[in-house]
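S.K.: The following block contains the structure, expressed as structure tokens.
Residue numbers (this note's numbering), protein chains in the order written: chain A, 1 to 463; chain B, 1001 to 1205.
Okay, here's the thing in structure tokens:
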């Protein structure tokens, strides 16, 4: 395989970090970054660098320039004013830094493309993969790297897990990261790459695609620079792991004068959407869907088909969930005769044996597990939505826990749907922490299951 | 210089990829058109780089049967076409009924050549029901393009129709990928009686 893609391993897992622009002054970006490294418990070497400070910064020996460190530097994090960035990069290059993150803004995003071109050529000259400028940088809970200049008390930091999240926009990046922090799933890597002067979408997709800690890739982008290379990498990556993608910035179709009907229909945003569909991406229409899809891909096996069984302890939500299935292109499963007979023997007379299977309001953990054991084994069932309305007397923590532990043994997707308030929410979190995604609306549940099922079809080569 | 290909040249190109288009001929007079018709109903169209929307601008006359109809239509079109110089008038055999689809290609700035299929004719821009893919495409892609369309049941009402449209799509994508052209339209391509006729084509390159 030709190797046109930049390596990010020294950036994500550095043994030593120089923070250029580090400061004792709490209002400086370089201060927050250094503070976060210290707070996160990073175990490598930290070298604070500030041209105005040669004593100590936050208790660590400080350097006026990276050239004075005279020890290996894996990663340089640059948070100095834009005009000073080229010189600092030159010094990092001469000091042998293996990768850089330029947090500073003031480049192409404000029309300063010349300065950005200069940055790109220095990165190239020293073969130093450089993320940014104008970005939040990276976070990696395993290696305890956190270059974000956002104070830890203002944004939840996710736990360690298998979902990696890349975002062009720092604002979308930090907001979604904050959302992930309050979800039940964990993070592998976070990369906010800003203006992509050097390291771009293609490098990042390639890196995360090859990364063993990444099970699911979640991507927010506003465009790609190398369309064909992006396709080459995408083809390979989506065959081994799911990539959930959301693209901002809808370009009007047919900006120029179109000569053909085709050109007037096939604008830039249509082209992106077509590429995403063709090469196995899962398109998220909304930030909420980035999270909804991430958690089903992170925890559930691929599905064998689109026939879905629904178990519920409330008729009405079962009906709404059924509608949501069909609205999302899925089908209600039809149980085998054997399954129906077994259920009839196990269930009380109040339970009607048909889909959606209403276990009625007094269902407890035993009734749910009995039903799940039959439905889970039914060859006509490809996936299961388990609705639990925690407002009912029989629905409690024991029920929640039994469902998750039973579902985890089935080799088909099982997701939860629980609508309600704070008691429900705490049980949802409990179930998610144990590995089963729980949705709070029928459409979120069915839409997420559809995302998983459509991706499963792509993996199996079914159009 | 990028420009609209001559109709005959475009027709030969699609023919090389096994894509059939309706019998047609340039005509220089009403009498010319009558000779081409040879007793069968025909269509007259004005071709000009300045006119994309022939039906909207009244530059197409359908179902001309009698000598009088044909010659009257010819002089009417000739009058309308004066502002569209240079132009040509083409006569084609009339294809009746059927489902109009569009198959086309566009070169995207970022991803290169892309192939499109949509519900065609006058519905193209009304319903915007189309599917798009990067060239070249596989049979899988062609199938998923059809599956994606709301009008799938109209375009491919049977297994036979489905496989015919799929193979047309794959051939068109191959033609687009292999030639130095930047855009093309087969619009409309009329599906009828288990077969098809492409009745209008534009190739830019």
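Glycine residues also receive a C-beta, built at the ideal position from the N, C-alpha and C atoms. This one's a predicted model, so the numbers in the text were calculated from it and none came from an experiment.
Can you tell me where the beta strand (DSSP E) with residue 1026 of chain B in it begins and where it stops?
M.R.: Looking at the DSSP string, the run of the beta strand (DSSP E) that includes residue 1026 of chain B is 1024-1027.
S.K.: Pull the bridge partners of residue 190 of chain A from the DSSP assignment, please.
M.R.: Partner(s): A:139, A:165.
S.K.: Excluding the five sequence neighbours on either side, which residues of its own chain have a C-beta within less than 6 angstroms of the C-beta of residue 1116 of chain B, listed in chain order?
M.R.: For residue 1116 of chain B, where only same-chain residues beyond five positions count, the Cβ hits under 6 angstroms are 1104, 1130, 1132.
S.K.: Would you check if the distance between the CB atom of residue 287 of chain A and the CB atom of residue 442 of chain A is smaller than 8 angstroms?
M.R.: Their beta carbons are not under 8 angstroms apart, which means residue 287 of chain A does not touch residue 442 of chain A by this criterion.
S.K.: With distances taken from CA atoms, which of A:130, A:359, A:21, A:109 is nearest residue 8 of chain A?
M.R.: Per the Cα distances, A:130.
S.K.: Name the residues in the region 1081-1111 of chain B whose C-beta lies less than 9 angstroms from a C-beta of chain A; which are they?
M.R.: Taking 9 angstroms as the Cβ-Cβ cut-off against chain A, the residues of the region 1081-1111 of chain B that qualify are 1102, 1103, 1104, 1105, 1106, 1107, 1108, 1109, 1110, 1111.
S.K.: Contact check, residue 201 of chain A vs residue 165 of chain A under 8 angstroms by CB: the rounded distance?
M.R.: About 14 angstroms; that fails the 8 angstroms criterion.
S.K.: Between the beta-carbon of residue 280 of chain A and the beta-carbon of residue 313 of chain A, is there less than 8 angstroms?
M.R.: No. Outside cutoff.
S.K.: Starting from residue 1036 of chain B, follow the alpha helix (DSSP H) in both directions and report where the run begins and ends.
M.R.: 1030-1037 is the span of the alpha helix (DSSP H), which, as asked, contains residue 1036 of chain B.
S.K.: Over the uninterrupted alpha helix (DSSP H) stretch that includes residue 230 of chain A, give me the two end residues.
M.R.: Residues 227-237.
S.K.: If you draw a straight line from the C-alpha of residue 1135 of chain B to the C-alpha of residue 275 of chain A, how long is it?
M.R.: Between residue 1135 of chain B and residue 275 of chain A, the C-alpha separation is close to 10 angstroms.
S.K.: Where do the ends of the beta strand (DSSP E) carrying residue 417 of chain A lie?
M.R.: Here the beta strand (DSSP E) through residue 417 of chain A covers 414-417.
S.K.: Going by the CB atoms, is the gap between residue 383 of chain A and residue 479 of chain A shorter than 8 angstroms?
M.R.: Missing from the structure shown is residue 479 of chain A; chain A here goes from 1 to 463 and no further.
S.K.: What is the rounded straight-line gap between the Cα of residue 393 of chain A and the Cα of residue 413 of chain A?
M.R.: Straight-line Cα distance between these residues: approximately 27 angstroms.
S.K.: Going by alpha carbons, who is nearest to residue 1088 of chain B out of B:1050, B:1123, B:1186?
M.R.: Out of B:1050, B:1123, B:1186, B:1050 has the C-alpha closest to the C-alpha of residue 1088 of chain B.
S.K.: Under 8 angstroms between beta-carbons, which chain B residues line up against residue 270 of chain A? List them in chain order, please.
M.R.: Neighbours of residue 270 of chain A on chain B, chain order: 1132.
S.K.: Kindly give me the distance between the Cβ atoms of residue 85 of chain A and residue 137 of chain A, rounded to whole angstroms, as I take these residues to be in contact under 8 angstroms.
M.R.: With 8 angstroms as the limit, residue 85 of chain A and residue 137 of chain A do not qualify as a contact, their Cβ atoms being about 14 angstroms apart.
S.K.: Distance, Cα to Cα, residue 169 of chain A vs residue 1143 of chain B?
M.R.: One C-alpha to the other measures close to 35 angstroms.
S.K.: Measure the alpha-carbon distance for residue 1109 of chain B versus residue 1159 of chain B and round it to whole angstroms.
M.R.: Distance between the alpha carbons of residue 1109 of chain B and residue 1159 of chain B is about 35 angstroms.
S.K.: Would you mind reading off the limits of the beta strand (DSSP E) that contains residue 31 of chain A?
M.R.: Note, residue 31 of chain A: premise wrong, no beta strand (DSSP E); alpha helix (DSSP H) at 29-40.
S.K.: Pick out whichever of A:20, A:32, A:35 has its Cα sitting closest to the Cα of residue 47 of chain A.
M.R.: Out of A:20, A:32, A:35, A:20 has the C-alpha closest to the C-alpha of residue 47 of chain A.
S.K.: Between which residues of its own chain and residue 374 of chain A is the CB-CB distance below 6 angstroms, once the five residues before and five after are set aside?
M.R.: Excluding residues within five positions, the ones whose Cβ falls inside 6 angstroms are 339, 342, 343.
S.K.: For a contact defined as C-beta to C-beta under 7 angstroms, what are the partners of residue 1116 of chain B on chain A?
M.R.: Ordered by position in chain A, the residues that pass the 7 angstroms Cβ test against residue 1116 of chain B are 262, 265, 266.
S.K.: Could you tell me which whole beta strand (DSSP E) segments of length 3 or greater appear in the region 1055-1127 of chain B?
M.R.: Qualifying beta strand (DSSP E) stretches, in chain order: 1060-1064, 1088-1093, 1099-1108, 1112-1119.
S.K.: Buried or exposed: which applies to residue 330 of chain A, given that a residue is buried once 16 or more other Cβ atoms fall within 10 Å of its Cβ?
M.R.: Per the 10 Å Cβ criterion, buried.
S.K.: In this structure, how does DSSP classify residue 222 of chain A when only helix, strand and coil are distinguished?
M.R.: Coil, per DSSP.
S.K.: Give a yes or no on whether 8 angstroms exceeds the smallest Cβ distance from residue 228 of chain A to chain B.
M.R.: Answer yes: the Cβ-Cβ gap between residue 228 of chain A and chain B drops below 8 angstroms somewhere.
S.K.: Counting along the chain, where does the alpha helix (DSSP H) carrying residue 262 of chain A start and finish?
M.R.: Unbroken alpha helix (DSSP H) run through residue 262 of chain A: 261-265.
S.K.: Kindly indicate if chain A contains any beta-carbon less than 8 angstroms away from that of residue 1179 of chain B.
M.R.: No, its Cβ sits nowhere closer than 8 angstroms to a Cβ of chain A.
S.K.: Counting only beta-carbon atoms, is residue 463 of chain A nearer than 8 angstroms to chain B?
M.R.: Judged by the 8 angstroms Cβ criterion, residue 463 of chain A is in contact with chain B.
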